[in-house]
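Working notes, beginning with the structure itself.
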Amino acid sequence: MMKFIDITRQLSPEILIYPGDSDVIFKKHERGQFLITDLSLSTHTGTHIDAPSHYLKTGATIDSIPLNYLIGKCKVLDLSEVENSIDANYLHGKIQQTERLLLKTSFSGANKFVENYPHLTKDAAKYITHYGMKCIGIDSPSIESYQCDGSVHRELLGHGCIIIELLDLSNVNEGEYDMIALPLPLAGLDGSPARVVLYSEEE
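With positions in the sequence shown counted from 1, the corresponding number in the numbering used here is that position plus 296.
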């Protein structure tokens with residue numbers, strides 16, 4: 297038997313929004329025998345995947361990311377004790393031979409934006425790309441600090457490491473899992489909301 301854990305934040309008009317991003321709007325319409333809803337949201341709303349073109353402009357778009365980057369063996373690393381900056385020291389000796397890494401932080405389950413959310417430093421990003429990682433995810437609003445210059449995103453995306461942000465890892469223990477992270481194939485765009493699921497053998 298397989299155990300599945302949905303680590304996607306529920307997408308609704310009440311979801312946490314990164315400052316400057318568009319609000320989520322659901323507009324329902326009754327059309328006689330059926331109901332239909334218009335959606336208005338950013339490509340980086342809720343649990344979402346950043347494509348290289350998000351920061352590199354000329355990089356790969358969300359519809360062209362190879363799915364083997366987003367599906368496969370994954371490691372969850374619990375860094376809940378880190379209050380703010382996650383530097384390379386927290387990763388040292390823990391991510392070798394890891395292709396997909398998810399960082400559980402003190403922000404997991406939080407529903408209000410704060411500027412000092414946990415994030416990677418530039419040296420941590422370089423440590424990750426040194427090992428040729430395919431995917432890095434975090435449960436905070438961004439992989440990079442609020443007062444950022446984009447260098448962390450560019451380091452990761454520029455080395456083909458796809459980024460997943462605003463996961464919900466509050467019910468996930470540190471360890472090894474399999475992951476499926478599927479963005480919508482939005483033609484030519486820079487990112488997409490995604491459904492992200494972990495699974496493992498039942499003990």
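Think of the CB as a built atom: it goes at the ideal place given N, C-alpha and C, for glycine as much as any other residue.
Excluding the 5 residues preceding and the 5 following residue i in the sequence, name in chain order all residues of the same chain whose CB lies nearer than 6 Å to its CB.
{"i": "S338", "result": "D317, S318"}
{"i": "L416", "result": "I382, I439, V448"}
{"i": "H340", "result": "G487"}
{"i": "S496", "result": "K299, Y473"}
{"i": "I476", "result": "I367, V493"}
{"i": "P481", "result": "D359"}
{"i": "S336", "result": "I321"}
{"i": "T394", "result": "K371"}
Round the Cβ separation of residue i and residue j to the nearest angstrom and send it over; I've been treating them as touching at under 8 Å.
{"i": "V492", "j": "T304", "result": "5 Å"}
{"i": "L485", "j": "T357", "result": "6 Å"}
{"i": "I424", "j": "L452", "result": "7 Å"}
{"i": "P437", "j": "L312", "result": "7 Å"}
{"i": "P309", "j": "F409", "result": "So it is not a contact: roughly 15 Å between Cβ atoms."}
Taking the continuous beta strand (DSSP E) assigned at residue i, which residues delimit it?
{"i": "H340", "result": "Taken as a continuous stretch (DSSP letters only), H340 belongs to no beta strand (DSSP E), as it is neither H nor E."}
{"i": "K238", "result": "Within the shown structure, residues of the chain are numbered from 297 to 499, placing residue 238 beyond reach of any answer."}
{"i": "K369", "result": "367-374"}
{"i": "S336", "result": "330-336"}
Using a threshold of 9 Å, state whether the C-beta atoms of residue i and residue j are closer than that.
{"i": "I345", "j": "R396", "result": "no"}
{"i": "P348", "j": "E379", "result": "no"}
{"i": "L373", "j": "K390", "result": "yes"}
{"i": "D464", "j": "S376", "result": "no"}
{"i": "D445", "j": "K400", "result": "no"}
{"i": "Y365", "j": "N412", "result": "no"}
{"i": "K369", "j": "L398", "result": "no"}
{"i": "L577", "j": "L331", "result": "Since the first residue shown for the chain is 297 and the last is 499, residue 577 is missing from the structure and cannot be characterised."}
{"i": "Y386", "j": "A421", "result": "no"}
{"i": "I460", "j": "A490", "result": "yes"}
Tell me where the alpha helix (DSSP H) around residue i begins and ends.
{"i": "A531", "result": "Limits of the chain in this structure are 297 at one end and 499 at the other, which puts residue 531 out of reach."}
{"i": "E451", "result": "447-454"}
Going by DSSP, which residues form a beta bridge with residue i?
{"i": "I345", "result": "I460, S488"}
{"i": "E472", "result": "K371"}
{"i": "R396", "result": "C431"}
{"i": "Y495", "result": "F300, D474"}
{"i": "I382", "result": "L416"}
{"i": "P479", "result": "A490"}
For the ligand ATP, is there any heavy atom lying closer than 8 Å to the beta carbon of residue i?
{"i": "Y427", "result": "Ligands in the displayed structure: none, and consequently the ligand ATP is not present."}
Ordered along the chain, which non-local residues of its own chain (more than five positions away) have a Cβ less than 8 Å from that of residue i?
{"i": "E498", "result": "M297, M298, K299"}
{"i": "A384", "result": "T417, D419, A420, K422, Y423"}
Give every residue of the same chain whose Cβ lies closer than 7 Å to the Cβ of residue i, excluding the five residues on either side of it in the sequence, and list them in chain order.
{"i": "C457", "result": "I424, T425, M429, K430, C431, I432"}
{"i": "Y351", "result": "G446, H449, R450, L453"}
{"i": "S466", "result": "S404, G405"}
{"i": "Q392", "result": "Y427"}
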